[in-house]
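A.B. asks: Below is the structure I would like to discuss, written out as structure tokens.
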Amino acid sequence: AQSVTQPDIHITVSEGASLELRCNYSYGATPYLFWYVQSPGQGLQLLLKYFSGDTLVQGIKGFEAEFKRSQSSFNLRKPSVHWSDAAEYFCAVGSDGNKLVFGAGTILRVKS
Amino acid sequence: DGGITQSPKYLFRKEGQNVTLSCEQNLNHDAMYWYRQDPGQGLRLIYYSQIVNDFQKGDIAEGYSVSREKKESFPLTVTSAQKNPTAFYLCASSGEGVRRNIQYFGAGTRLSVL
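Given below as structure tokens:
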């Protein structure tokens, strides 16, 4: 069965600092991988996705993620965090059956 | 604007009452989903539907029911059998082909028990 682990429940970074949110997945075949962001009381917005091809994918709001098959990881990065990036971030893995399995989420706090 | 509309934004349930959460999409998507979100647990799939008049149970279907009579609508009923209904409920939809793996979400409904 598919599973997703986000090891960090909370992360605090200073505004302007770099960010890396970790995601590890378990899936037998090549997965479809996603990062979503959720502001308080809102729905989820898709940041980026990986289906195949280039393992470094670019998303919206200056985010990127790298698929590393050998480490079963899909970490999200941003070179310089803005206060508006404070939110909860979810990693998800999908199969061809179009169901998604989500991680428990990482809450990002940005300090000025 | 194309999107997914969930209503109401806030809902309160009395003991023994059934309540229905609305989800409407104008994206012409075939598949629709309902998730439950609890703090620290991510999203858990309640029900999903890949086509009109067909739906399947997800991981936590007990105490919930759905219908899919129209392509654009996928209402969720929280029945009195659901003993712990307080949560944030999210509806999503996805399109065709490879894009069926990309889910788009509504703004959610927060359900509380009176």
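Sequence lines, in order, name chains A and B.
The first sequence begins at 430 in the numbering used here and counts up one residue at a time.
The second sequence begins at -6 in the numbering used here and counts up one residue at a time.
Note that CB positions come from ideal geometry on N, CA and C, so glycine has one too.
Just so you know, these numbers come straight off a predicted model, no measurement behind them.
(1) Taking the C-alpha atoms as reference points, what is the distance between Tyr518/A and Asn94/B?
(2) If we ignore side chains and look at the alpha-carbon of each, how far apart do Phe412/A and Arg506/A end up?
(3) Could you tell me whether the Cβ atoms of Tyr26/B and Tyr3/B are closer together than 7 Å?
(4) Give the secondary structure of Asn453/A by DSSP, where H, G and I count as helix, E and B as strand, and everything else as coil.
(5) Can you tell me the Cα-Cα spacing of Ser481/A and Gly99/B, whole angstroms?
(6) Looking only at its chain, what residues have a beta carbon closer than 6 Å to the beta carbon of Ala74/B, apart from the 5 residues adjacent to it on each side?
(7) I think Thr79/B touches Ser105/B, with their Cβ atoms under 8 Å apart; what is that distance to the nearest whole Å?
(8) Could you tell me which residues DSSP pairs with Glu493/A in its beta bridges?
(9) Compare the Cα-Cα distances from Tyr28/B to each of Asn21/B, His22/B, Cys16/B and report the closest residue.
(10) Nearest chain B C-beta to Ala533/A closer than 7 Å, yes or no?
(11) Could you check the C-alpha separation between Val548/A and Trp464/A for me, to the nearest Å?
(12) Count the other C-beta atoms from every protein chain shown that fall within 10 angstroms of the C-beta of Leu107/B, then say buried if there are 16 or more, exposed otherwise.
(13) Does Gly482/A have its Cβ less than 7 Å from a Cβ in chain B?
(14) What span of residues does the beta strand (DSSP E) with Gln474/A cover, start to end?
(15) What does DSSP give as the partner residues of Asp47/B in its beta bridges?
(16) On the premise that Leu38/B lies in contact with Asp52/B, defined as a C-beta separation below 8 Å, what is that separation, rounded to the nearest angstrom?
(17) Buried or exposed, going by whether 16 or more other CB atoms sit within 10 Å of the CB of Pro508/A?
(18) Give the residues of chain B in contact with Ile438/A, contact being defined as C-beta atoms less than 9 Å apart.
(19) Thinking C-alpha only, which one of Glu62/B, Glu65/B, Asp23/B is nearest Arg92/B?
C.D. replies: Based on what the coordinates show:
(1) One-based indexing of the first sequence puts residue 518/A at position 89. One-based indexing of the second sequence puts residue 94/B at position 101. Across the structure, Tyr518/A and Asn94/B are spaced so that their CA atoms are roughly 19 Å apart.
(2) Lying before the first or after the last residue shown, residue 412/A is absent from chain A, which here runs from 430 to 541.
(3) The residue labelled residue 26/B in the question sits at position 33 within the second sequence. The residue labelled residue 3/B in the question sits at position 10 within the second sequence. It is not a contact, given that the beta carbons lie outside the stated cut-off.
(4) Counted from its first residue, the first sequence places residue 453/A at position 24. Of the three classes helix, strand and coil, the one that applies to Asn453/A here is strand, per DSSP.
(5) On the first sequence, position 52 is the one that residue 481/A refers to. On the second sequence, position 106 is the one that residue 99/B refers to. If you take the alpha carbons of Ser481/A and Gly99/B, they lie about 27 Å apart.
(6) Locating residue 74/B in the second sequence gives position 81, counting from the first residue. Answer for Ala74/B: Gly56, listed in chain order.
(7) Position 86 of the second sequence, counted from the start, is the residue given in the question as residue 79/B. Position 112 of the second sequence, counted from the start, is the residue given in the question as residue 105/B. The pair is a contact, with the Cβ atoms about 5 Å apart (cut-off 8 Å).
(8) Residue mapping note: residue 493/A aligns to position 64 of the first sequence, counting from 1. Looking at the DSSP assignment, Glu493/A forms a beta bridge with Gln487/A, Arg506/A.
(9) Indexing the second sequence from 1 puts residue 28/B at position 35. Per the Cα distances, Cys16/B.
(10) In the first sequence, the residue the question calls residue 533/A occupies position 104. Residue contact check for Ala533/A against chain B: a CB pair falls below 7 Å.
(11) What is shown of chain A runs 430 to 541, which leaves residue 548/A out entirely.
(12) Locating residue 107/B in the second sequence gives position 114, counting from the first residue. It counts as exposed.
(13) Looking up residue 482/A in the first sequence gives position 53. Not closer than 7 Å to any Cβ of chain B, the Cβ of Gly482/A fails to qualify, so no.
(14) As a first step, residue 474/A is located in the first sequence; it is residue number 45 there, counting from the start. First-last of the beta strand (DSSP E) with Gln474/A: 473 to 479.
(15) If you number the second sequence from 1, residue 47/B lands on position 54. Asp47/B pairs with Ile44/B.
(16) As a first step, residue 52/B must be located in the second sequence, where it is residue number 59. As a first step, residue 38/B must be located in the second sequence, where it is residue number 45. With a Cβ gap of about 5 Å, Asp52/B and Leu38/B count as contacting.
(17) Position 79 of the first sequence, counting from 1, holds the residue named residue 508/A. Under this definition Pro508/A is an exposed residue.
(18) For the purposes of this step, residue 438/A is taken as residue 9 along the first sequence, with counting starting at 1. Neighbours of Ile438/A on chain B, chain order: Gly33.
(19) Numbered from 1 along the second sequence, position 99 holds the residue referred to as residue 92/B. Minimum Cα distance to Arg92/B is reached at Asp23/B.
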